[in-house]
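Chains as they are written, first to last, in our numbering: chain A, 1489 to 1800; chain B, 272 to 775.
Report on the structure given below.
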Amino acid sequence: MDRRNFLKAIALAGVAITVKQSGAMTLMSQKFNAPAPGKDVDLVAVMGGEPVAMFRKGITEIGGMGKFVKKGQKVVIKPNIGWDKVPELAGNTNPELIGEIVRQCIKAGAKEVVVFDHTCDDWRKCYKNSGIEDAVRDAGGKMVPAHEESYYTEVDLPKGISLKKTKIHQAILDSDVWINVPVLKNHGGAKMSISMKNHMGIVWDRGYFHKNDLQQCIADICTLNKPAVLNVVDSYRMMKTNGPRGKSEADVVLAKALFLSQDIVAVDTAATNFFNQMREMPLNSVTHISKAEELKIGTMNLESLNIKRIKL
Amino acid sequence: MLRKIRIGLSVVLFVLITFFFLDFAEILPPQFHVLTKIQFIPALLALEIGIIIALIAFTLLFGRVYCSSICPLGIYQDFVNWFSKKTQKKKRFQYLHPLTLLRWSIVAITLIAFLAGFNFLVGLLDPYSAYGRISVHIFKPAYLAGNNLLESIFTRFDNHTFYRMSIYVLSISSLIIALITVATVSVLAWINGRIYCNSICPVGTVLGFLSKYSLFKIRIDESTCNSCGSCGRKCKASCIDTKLHKIDYSRCINCFDCIEVCSQDSISFSYSIANKTSNKTVDTSKRRFMMAVGVTTLAAGKLIADKNLNLLETANKAERKLPISPPGSLSHKNLLNKCTSCHLCVSKCPSGVIKPSFLEYGIAGMMQPMLYFDKGFCNYDCTICSEVCPTGAISHIDKNTKHQTQTGQVQFILENCIVYTDETHCGACSEHCPTQAVSMVPYKNGLTIPHTDISICVGCGGCEFICPAKPYKAIYVEGIDKHEKLTIVKEEKDESVVVDDFGF
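Right, dumping it as structure tokens:
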């Protein structure tokens, strides 16, 4: 470790400590920050329902799909389809949720809805066994492949620190808007896999991330000048341990929750706090979130946000 | 009529088996592997008694039906021959003397080599396997290129029916062998029809021997024959001696072309009644066979491979000392004894992790399949290679058996690990590990570092494939010559976790 990295780490640790305190504050003051009437909701958290019901409730509260998807637009939905796993194992985003999002986009007037992920396992098996391919097709969307480098185009990330440029999937670049739909998971390397980590499925060269400070690169990729118009964190089934791949159903908790926000840092902060209830995961250990806040991508200060909490 | 049936059957089987080899998109279900299991050498090696008996019985009844309609390399030669006739209208065959000594010598050498554990020759000469390699190494790249062309056209119109596939050389040695095979077979077929089947192919020789005694044979009725000789000119096996009105049944591959061409209807495919003009050929061939056996016994010793090929050991360099054989292959020994290197597994592997070996298994095992993790890693739940293997070299295993099979063992080289060298988070290896044989344990500064437990490693290579460390990987899978059975501890689901708050 060189001096610069050391200093950076010290600085981050400082930030993280502050963050932890503010996290506690939000927990305590939760009753007092009910959304002000008439003001836009920044973050919606829904609990206790089925995937489709929770999404319907959540999207209505945050302003309806029409707020994000306009008539005639090309929409990309980016779930996590990383693994050749059935939905019960929670390795991938819930297929029912993806199906519902596709339907709502089409209802909002989207010209086309495209879904893809740069998978870890064989992409054909992932698309099929996750149930997402079928759900998307039935909902009227289109799955596109992402397994070859030629589907990706290099993009500059001037605000990135470790990651200055990377190849991004053409579908994202060609779209009018894209919706980021990760599944909430424990992650052996990045600690947590949520909305920001889900960006590793829109890039070609993930090895670069791992080689060049994974946490910083995850924050850097979120400086992409075409951020997701909405982040929807699926936590219907949540992988508590052995993530991101998981070994068996023993790793999965039926958490029945969903988080929606345009602020990627806020939604990942909220989701990490939620995860922390089931398995200790202090926010300061998930350093890509604080690094993203430093890059002014969003805020970890949930107190400053207008949050709507709904239990079904 | 018989000729039409033969052509119809052979074209259908040929197209299906070829497509089965090329079909990366899994359009044909894996059950079509039955086309490969009915092949003679694979059935012998897999000890598929039913299929062996059926093939032998068929030959004893009708002659070399296998050669005319089932063997893909045989049918391929018919295609070449057909094209050659399109370009040379006056192409004619003529009776050739049998190359009995050459034929039986090849059989003897192959057999002895096989018994001595040197299976390479069987694989090299088995016509099905040779055709398999031609399909995988020569036809498939062309098929993929065609697919990619269609993909670029369709995608332009926003249609994603096709998807791109990368094209690369899997193994230079296997490609060269496939090229030499296809060149040899094609040239011989272009010039002289089925000469390869009747001089080199050991399966042709053995089935030819059996078909001498077959019940149904091509027969020339000398009383009506006007000795025009057109049957002999048409015979792509060059086995009709029109002057003597004799057919060398050891070479007749039952194409029935002669029946069709005979203007006098003097040629029939019929049941033999008496008139057994047993000539001496049977005896001489036996004698020659025995002689060849004797000669080659001496020669074979030299051919037996020795697989002690120790690769240089460089510090920090993740290099396998032993190759990893596909799950289901049980051991290197089993693979060596049974695999004919048809490369169906290589072609069918959806993750592209099987490639033909060079000298990793020794010379005897050249071209046999091994796992490598440059393009991907072995999917935890996939058993396709074991389903399609026709020889039993990769025995059929189900998902659960696969989960309990160790094909290799994970090795961690701390000095190469990103977490150690750069002190940043990584965990890519553990992320890909299906059993958590690689798990992330606390290191320092809140970092976690890989920890390996070879007792639960299946050897899938996920860790090795994804490890970003350069130039040398920090984690790799070492091969083992005999697969181990793993015991999987089933974890109980912890139901005590109740979430009823948001936590923020």
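Where is the CB? At the ideal position from N, CA and C, for every residue including glycine.
Anticipated Cβ contact below 8 Å, residue i with residue j, distance rounded
i: I524/B; j: C468/B; result: 6 Å
i: E782/B; j: P1732/A; result: No answer is possible for residue 782/B: the residues shown for chain B start at 272 and end at 775.
i: M641/B; j: K626/B; result: 7 Å
i: Q680/B; j: I720/B; result: Not confirmed; about 19 Å, so no contact.
i: V1717/A; j: L1746/A; result: That pair is no contact at about 17 Å.
i: H1776/A; j: A1707/A; result: 5 Å
i: C649/B; j: V624/B; result: 5 Å
Below-7 Å beta-carbon distance, residue i vs any chain A residue
i: H431/B; result: yes
i: T758/B; result: no
i: R435/B; result: yes
i: P621/B; result: yes
i: V233/B; result: Nothing can be reported for residue 233/B, as the shown portion of chain B is limited to 272 through 775.
i: G599/B; result: no
i: T723/B; result: no
i: E702/B; result: yes
i: N550/B; result: With a pLDDT of 45 at N550/B, under the threshold of 50, the modelled position of that residue is not reliable, and no figure is offered here.
i: G717/B; result: yes
i: T695/B; result: yes
Within chain B, partners of residue i - CB distance below 7 Å
i: V1632/A; result: H431
i: Q1765/A; result: V770, D772 and G774
i: F1543/A; result: The contacting residues do not exist; F1543/A stays about 17 Å from chain B at best.
Beta-carbon proximity of residue i to residue j, cut-off 7 Å
i: S1723/A; j: L1672/A; result: yes
i: R1767/A; j: L1742/A; result: no
i: C506/B; j: C529/B; result: yes
i: T1711/A; j: A1754/A; result: no
i: R504/B; j: E1636/A; result: no
i: D1530/A; j: N1761/A; result: no
i: G464/B; j: R522/B; result: no
i: I1798/A; j: V1534/A; result: yes
i: G403/B; j: C610/B; result: no
i: S628/B; j: P594/B; result: yes
Three-state secondary structure assigned by DSSP to residue i
i: L280/B; result: helix
i: L372/B; result: helix
i: D1739/A; result: helix
i: Q680/B; result: strand
i: I1666/A; result: Residue identity check: residue 1666/A is Trp in the sequence provided, not Ile. Here W1666/A sits in strand by DSSP.
i: R1767/A; result: coil
i: L436/B; result: For the record, residue 436/B in the displayed sequence is Met; it is not Leu. Coil at M436/B, not helix or strand.
i: A296/B; result: coil
i: I720/B; result: strand
i: P313/B; result: helix
i: R490/B; result: strand
i: P412/B; result: helix
i: A1533/A; result: strand
i: T381/B; result: helix
i: A508/B; result: coil
Beta carbon proximity, residue i to chain B, threshold 7 Å
i: L1651/A; result: no
i: D1701/A; result: yes
i: R1725/A; result: no
i: E1636/A; result: yes
i: G1546/A; result: no
i: F1762/A; result: yes
i: R1625/A; result: no
i: S1773/A; result: yes
i: A1743/A; result: yes
i: R1591/A; result: no
Per-residue contacts from residue i into chain A (C-beta, under 9 Å)
i: N650/B; result: D1572, D1609, D1610 and K1613
Residues that residue i contacts on chain B, provided the C-beta gap is smaller than 9 Å
i: A1758/A; result: F773, G774 and F775
i: L1790/A; result: F775
Per-residue contacts from residue i into chain B (C-beta, under 8 Å)
i: G1695/A; result: A699, I737 and P739
i: P1732/A; result: E702
Residue i: contacting residues in chain A (beta-carbon distance under 7 Å)
i: K764/B; result: E1737 and A1738
i: I689/B; result: H1698 and K1699
i: E658/B; result: Ordered by position in chain A, no residue passes the 7 Å Cβ test against E658/B, which lies about 15 Å from the chain.
i: G479/B; result: Chain A residues near G479/B: none, gap ~44 Å exceeds 7 Å.
i: Q675/B; result: The premise fails here: Q675/B is roughly 14 Å from chain A at the closest Cβ pair, so nothing lies under 7 Å.
Neighbouring residues, chain A, relative to residue i (Cβ below 8 Å)
i: G417/B; result: Result: empty, since nearest Cβ-Cβ is about 16 Å, beyond 8 Å.
i: P705/B; result: R1733 and K1735
The ligand ZN heavy atom lying under 6 Å from the CB of residue i
i: H614/B; result: In terms of ligand content, the structure shown is empty, and the ligand ZN therefore cannot be addressed.
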